[in-house]
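For what it's worth, the UniProt record's numbering labels the leading residue of the sequence shown as 1, then goes sequentially.
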Amino acid sequence: MHETQENQPPGTLFRNAKLFDGVHGALQVGMTVLVAGNRIKRITCETPPVPDGFHEIDCRGHVLMPGLINSHYHMAGALPISLFYSASPKDYRVFRYARALEMTLMQGVTTVRDVGGNDWGVVRAAEEGLIPAPRIFASGALISQTGGHFDFRPGNMTPERSEHAGDLIVVSDGMALLADGPDAVRRAARECLRQGATQIKIASSGGVASLSDPIHSIQFSPEEVRAAVQAARDWDTYVATHVYTAEAAIRAIGNGVMSLEHANLMTEEAVKLGVEHGVWWSPQTMIYLHPSEELNAAQKVKLKVVVEGMENTFALFQKHDAKVLFGTDCIGNMAVQHLEFTYRSRFFSSLEILRQATANGGQALRMSGRLYPCPGDLGVIREGAMADILVVKDNPLEDVTILSDYEAQLLLIMKDGGIYKDILP
1 MHETQENQPP GTLFRNAKLF DGVHGALQVG MTVLVAGNRI KRITCETPPV PDGFHEIDCR
61 GHVLMPGLIN SHYHMAGALP ISLFYSASPK DYRVFRYARA LEMTLMQGVT TVRDVGGNDW
121 GVVRAAEEGL IPAPRIFASG ALISQTGGHF DFRPGNMTPE RSEHAGDLIV VSDGMALLAD
181 GPDAVRRAAR ECLRQGATQI KIASSGGVAS LSDPIHSIQF SPEEVRAAVQ AARDWDTYVA
241 THVYTAEAAI RAIGNGVMSL EHANLMTEEA VKLGVEHGVW WSPQTMIYLH PSEELNAAQK
301 VKLKVVVEGM ENTFALFQKH DAKVLFGTDC IGNMAVQHLE FTYRSRFFSS LEILRQATAN
361 GGQALRMSGR LYPCPGDLGV IREGAMADIL VVKDNPLEDV TILSDYEAQL LLIMKDGGIY
421 KDILP
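This is how it looks when you write it as structure tokens:
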């Protein structure tokens, strides 16, 4: 159910809730949360009268918590991996993206940071409420060097057959931009910002799914990284990067990148440097431990390499109190992205995972500075925050894996003050 603008009440009063605010590890019992418009107006242990016209919801002692934030999401992940390397009709892709976004919202994810390859028409449709979708912080095109992680061209494609736009090569109908040299990288970042990006995404090392680059390759020179970072800073925002190896991470951190995506193969030196610079680490688990069946033999070899480093990296994150985000990075297997909670629980506690998926995600999104589109905070239940709210049947602080069973566990989903699901008895 989604209440349209025409029939949506001016606000909602939640009563009799056990409150997880996104930060603290103890539930507050018997709480009332008042939502006015799309903001949380009041939180109290009292039972105030219901304002005229407001919708009243009895949580019946269930857990009320912030909507989830997926900090590493690709709407393009709705496509099979094979379609990343071959042309597919744009209108077909749009339908798959819209369907995936609705599915993501119904899994309790009320905000996504799309870290590259998004369709701007779909972003606009979501912003205007034309499709049910999470709030989207979009990066625009993935920016890669030639032969880098986002160079989706077949190995036998010559430069002459590529689609050029000045000093840039446009790949997969704008899903990625190939840029070599600081000037080209700067232009690519500015193109993304011009189209509406709230942050910039580059690649700093090889990847599993990409066809041409080994995992150990270090991508973009220090000068190229600084060009992207300066272009982002000029718009009061930041750069996130795809990275697996410590060597590539050290280069990225040292040149101003603030969000490290994946980062499976870290060393103590790299993690300590990142902590000193205040960067955010955005790892995933499910895509490595429950990989897509589409991976070919070469991709499976690379997958094995990055899986072997995960446990050590996560131990380093915990040892050095690194700032960690929650994300899925599902490509070709988005239907199982909700299993991230189950696989991640092998490495982190329930409270750690919940913070990663709520308050931490909201803090990281604030790095978008004056491009941050919301009047309030995300990922927390506090007065003035955005009204992104879940009511959960059982207690995820005791066992976060219940969120993988989203159909049964999510009794209510609210995004931006609007209710998208309500099966409370």
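Cβ atoms here follow ideal geometry from the backbone N, Cα and C, with glycine treated the same way.
How far does the beta strand (DSSP E) with residue i in it extend, from its first residue to its last?
i: Pro-182; result: Per DSSP, Pro-182 belongs to no beta strand (DSSP E); it is in the alpha helix (DSSP H), 182-195.
i: residue 426; result: A question about residue 426 goes unanswered here, because the residues of the chain that appear run from 1 up to 425.
i: Val-109; result: 109-114
i: Arg-135; result: 135-138
i: Met-258; result: Element bounds for Met-258: n/a, residue is neither H nor E.
i: Pro-66; result: 63-66
i: Ser-212; result: Looking at the DSSP string, Ser-212 is not in any beta strand (DSSP E), and its letter there is neither H nor E.
i: Gly-11; result: 11-19
i: Gly-147; result: No beta strand (DSSP E) contains Gly-147, which DSSP labels as neither H nor E.
i: Leu-178; result: 176-178
i: Tyr-420; result: 418-422
i: Ile-200; result: 200-203
In angstroms, rounded to a whole number, what distance separates the CA positions of residue i and residue j?
i: Ala-78; j: Ala-249; result: 28 angstroms
i: Ala-203; j: Phe-220; result: 8 angstroms
i: Asp-321; j: Gly-53; result: 46 angstroms
i: Lys-90; j: Phe-150; result: 19 angstroms
i: Thr-111; j: Arg-135; result: 4 angstroms
i: Glu-308; j: Asn-70; result: 24 angstroms
i: Met-286; j: Lys-304; result: 14 angstroms
i: Asp-377; j: Leu-390; result: 16 angstroms
i: Val-35; j: Ile-57; result: 11 angstroms
i: Ile-81; j: Ser-212; result: 15 angstroms
i: His-338; j: Val-243; result: 23 angstroms
i: Lys-393; j: Asp-416; result: 21 angstroms
i: Arg-355; j: Val-23; result: 6 angstroms
i: Pro-9; j: Ala-357; result: 28 angstroms
i: Ala-87; j: Leu-410; result: 37 angstroms
i: Asp-119; j: Leu-142; result: 12 angstroms
i: Arg-15; j: Val-185; result: 51 angstroms
i: Leu-316; j: Met-258; result: 18 angstroms
i: Leu-105; j: Ala-126; result: 11 angstroms
i: Gly-206; j: Pro-154; result: 16 angstroms
i: Gly-30; j: Glu-268; result: 44 angstroms
i: Val-171; j: Leu-19; result: 46 angstroms
i: Glu-224; j: Gln-195; result: 21 angstroms
i: Ser-139; j: Lys-272; result: 27 angstroms
i: Glu-311; j: Leu-101; result: 30 angstroms
If you follow the alpha helix (DSSP H) that residue i is part of, which residue opens it and which one closes it?
i: Glu-102; result: 90-105
i: Ser-350; result: 350-357
i: Asp-234; result: 222-234
i: Gly-254; result: 246-254
i: Val-123; result: 120-127
Please classify residue i as buried or exposed, where buried requires at least 16 neighbouring CB atoms within 10 angstroms.
i: Thr-4; result: Residue confidence is low: Thr-4 scores 49 on pLDDT, short of 50, so the model does not pin down where it sits. Its coordinate-derived value is still stated next. Classification for Thr-4: exposed.
i: Thr-47; result: exposed
i: Ala-179; result: buried
i: Ser-144; result: buried
i: Val-301; result: exposed
i: Gln-199; result: buried
i: Pro-396; result: buried
i: Glu-191; result: buried
i: Gln-318; result: exposed
i: Val-239; result: buried
i: Leu-130; result: exposed
i: Pro-375; result: exposed
i: Asp-21; result: buried
i: Ile-413; result: buried
i: Pro-222; result: exposed
i: Pro-66; result: buried
i: Arg-124; result: exposed
i: Ala-176; result: buried
i: His-74; result: buried
i: Thr-216; result: Sequence check: residue 216 is His here, not Thr. Exposed, because fewer than 16 other Cβ atoms sit within 10 Å of the Cβ of His-216.
i: Ala-408; result: exposed
i: Ile-423; result: exposed
i: Ala-26; result: exposed
i: Tyr-420; result: buried
i: Glu-261; result: buried
Compare the C-beta of residue i against all C-beta atoms of chain C and say whether one is closer than 8 angstroms.
i: His-290; result: Reference to chain C is not applicable here, since this structure consists of a single protein chain.
Do three or more CB pairs link the region 323-338 to the region 292-306 at distances below 8 angstroms? yes
How do the region 375-393 and the region 32-48 stand: do at least 3 beta-carbon pairs fall below 8 angstroms, yes or no? yes
Three Cβ pairs or more, each shorter than 8 angstroms: is that satisfied between the region 229-237 and the region 278-286? no
Could you say if the region 334-348 and the region 358-375 meet the contact criterion of at least three C-beta pairs nearer than 8 angstroms? Counting C-beta pairs closer than 8 angstroms gives fewer than three between the region 334-348 and the region 358-375, which falls short of the contact rule.
Enumerated in chain order, which unbroken segments of the alpha helix (DSSP H) with a length of 4 residues or greater are wholly contained in the region 260-341? As far as the region 260-341 is concerned, its whole alpha helix (DSSP H) runs of at least 4 residues are 268-277, 286-289, 297-308, 310-319.
Within the region 348-411, ranges of the beta strand (DSSP E) (whole runs, at least 3 residues): You should have 389-392.
Contiguous beta strand (DSSP E) assignments of at least 3 residues, all confined to the region 26-58: Note on the region 26-58: whole beta strand (DSSP E) runs with a minimum of 3 residues are 28-36, 39-44, 55-58, in chain order.
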